[in-house]
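Residue numbering for the sequence shown follows the working numbering, beginning at 13 and increasing consecutively.
What follows is a single structure, written as structure tokens, with notes after it.
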Amino acid sequence: MDRIYVREAETELLEEINDRLDEAGIEYDFDSDNRYMVDEFDTDEALAIMEDVGADAELI
Numbered sequence: 013m014d015r016i017y018v019r020e021a022e023t024e025l026l027e028e029i030n031d032r033l034d035e036a037g038i039e040y041d042f043d044s045d046n047r048y049m050v051d052e053f054d055t056d057e058a059l060a061i062m063e064d065v066g067a068d069a070e071l072i
């Protein structure tokens, strides 16, 4: 699993990310530091989705 950190995201932005990940069929979870955890095969698509909705996302 890869971890993706979204900087200073508001609740509405996180909800939009979650909705878009769900629509794309990408399974995700959160670690103890509230970073997204996605399968390594979905990382590029998840990052693209996050950036597309305006998130400042970074692969950790």
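All C-beta atoms in this analysis are idealised placements derived from N, C-alpha and C, irrespective of residue type, glycine included.
None of the values given here were measured: they were computed from a predicted structure.
Using the Cα positions of residue i and residue j, report the straight-line distance between them to the nearest angstrom.
| i | j | result |
| --- | --- | --- |
| glutamate 52 | methionine 13 | 5 angstroms |
| leucine 25 | alanine 67 | 7 angstroms |
| glutamate 70 | valine 18 | 6 angstroms |
Could you pull out every residue in the same chain whose Cβ sits closer than 6 angstroms to the Cβ of residue i, ignoring the five residues on either side in sequence?
| i | result |
| --- | --- |
| tyrosine 48 | Ile16, Tyr40 |
| aspartate 54 | Ile38 |
Within its chain, find whatever has a CB closer than 7 angstroms to the CB of residue i; leave out the 5 residues flanking it on each side and keep chain order.
| i | result |
| --- | --- |
| arginine 32 | Ile61, Val65 |
Over the uninterrupted alpha helix (DSSP H) stretch that includes residue i, give me the two end residues.
| i | result |
| --- | --- |
| arginine 32 | 23 to 35 |
Go through its chain and collect everything with a Cβ distance to residue i's Cβ below 8 angstroms, but skip five positions before and after it.
| i | result |
| --- | --- |
| glutamate 28 | Val65 |
According to DSSP, residue i sits in a beta bridge with which residue or residues?
| i | result |
| --- | --- |
| leucine 71 | Ile16 |
Under DSSP, the beta strand (DSSP E) around residue i begins and ends at which residues?
| i | result |
| --- | --- |
| aspartate 41 | 40 to 42 |
| valine 50 | 48 to 50 |
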